[in-house]
Amino acid sequence: MNSKIKKIIKKKNKSKIICLTAYSKNFAKEVDKYADITLVGDSLGSVLYNYNTTRKVTLKNMIEHAKSVRMGTKKSLMVVDMPYRTYRTKKEALKNSIRVIRETKCDAVKLEGGFKIKEIIKYLVKNKIPVMGHLGLLPQSVRGKFKSKGKSKNEKNKILRESKLLESLGVFAIVLECVETSAAKLITNSIKIPTIGIGSSLYCDGQVLVTDDLLGLNDTKIRFVKKFVNIKQIINKGIKKFKQEVISKKYPSKKYSY
Ligand code: KIV
C-alpha cells in the first residue's frame, strides 16, 4: 500500500484529515501545503465550465486538469475523480483507471456508489488500483434537486451497509456527501477506514470542500459551504490597480520595460 495512504488511514481517531480540491497547478501548490488529500474533483464541471451536472465532464477533462495539478502536488495524496460513464463495466473501469493513473501520475481514483458498483470496485482493488469511495449524495446520479441522505431509518441503514461493503472491498477512505449527522457519526464509528465529510457533520474523520467555495470565488448558496475568506475582494483590488496604472501611464515604468 502507498505510504501516503497508510498515513491517512492511521490518522483515524487521532487527527482530522484535510481534503481539498484543485483543478490546476497554481491552486494545487497552495492546497498541497495544508491538505492530506488533493482531489481533482469532477466538480470542475460546474466550477470551471458552468455545467449544470457533473455528468458532462469527460475523461479528457479530468486527465488534462489532473496533469496540471500533478505539477503542483508533492506531499499530499493526489486523487482523481472517475467521471460519469467511465466505469460502467469492470473492464471499462480498469482500462480508464489505468489510463488516468498512467497519464496523470495520480495516486488513486474516486468512484461514486455502493452496492451498484460493488463488482467494479472489487475488480479495481484486485488489480491494485487504489480506490476512494463516495457515498450519500452522489452528484453523478442526481437528476433534479440535491437532497441530503440518511434521514430515514432505511436510508441510514443502506449507507451504513454500503460503507461496510466498501471497507470490505478494500477502499482506503470514503467521502460522505450530505449525510445526516447521526448517520455520519454511526458510519464513522462503525468502520476502520476514514470517512471524509462534505456537509456531513464534524463526526467524520476528515473534511473536504471545493477550494473555490471556501475562498469565496463561487457564488454558491449551498448549506455546507462556508466562505473562509473573500478572495474576490483581493482579486478586484489587484485588477483595478492594474487598470488605473495603465490608464494613468504609471505602468509599465522603466523598471518593467526592456
Ligand atoms: O467533485 C468533487 O469535488 C467531489 C468533492 C466535493 C467530494 O467529489
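Each residue of the sequence shown is one higher than the last, beginning at 11 in the working numbering. The beta carbon of each residue, even a glycine, is placed where N, CA and C say it ideally should be.
Between the stretch 169-176 and the stretch 124-140 there are three or more inter-stretch CB-CB distances shorter than 8 Å, so the stretches are counted as touching.
Note on R80: 16 or more other CB atoms within 10 angstroms of its CB, so buried under the neighbour-count rule. C-alpha of A118 to C-alpha of C29: approximately 14 Å in a straight line. The stretch 115-144 is shown to contain whole beta strand (DSSP E) runs of 3 or more residues at 118-120, in chain order. If you draw a straight line from the Cα of Q150 to the Cα of Y268, it is about 51 Å long. Within the stretch 13-79, the runs of alpha helix (DSSP H) that reach at least 4 residues and sit entirely inside it are, in chain order, 13-20, 35-41 and 54-59.
I232 sits exposed, since fewer than 16 C-beta atoms from the chains shown fall within 10 Å of its C-beta. A distance below 8 Å separates the beta carbons of E187 and L147. The C-alpha of S158 lies about 54 Å from the C-alpha of K259. Per DSSP, reduced to three states, the secondary structure at L87 is strand.
L186 is bridged by DSSP to L145 and G207.
Proximity of the beta carbon of H75 to the ligand KIV is not indicated: no heavy atom of the ligand is located closer than 7 Å. A straight-line Cα-Cα distance of about 11 Å links L87 and I27.
Within the same chain, K166 and L170 come within 8 Å of L196 by CB-CB distance, once the 5 residues on both sides are set aside. In this structure, G51 has its CB closer than 7 Å to one or more heavy atoms of the ligand KIV.
Rounded to whole angstroms, the gap between the alpha carbons of Y266 and K247 is 20 Å.
By the Cβ-count criterion, N36 is exposed, with fewer than 16 other Cβ atoms from all chains shown falling within 10 Å of its own Cβ. With respect to the 8 Å criterion, D42 and K85 are classified as neighbours on the basis of their beta carbons. Taking every protein chain shown into account, the CB of T64 has 16 or more other CB atoms within 10 angstroms, so this residue is buried. Rounded to whole angstroms, the gap between the alpha carbons of V256 and P262 is 7 Å. From the listed residues E190, L219, T114 and D222, the smallest Cα separation to Y213 is found for E190.
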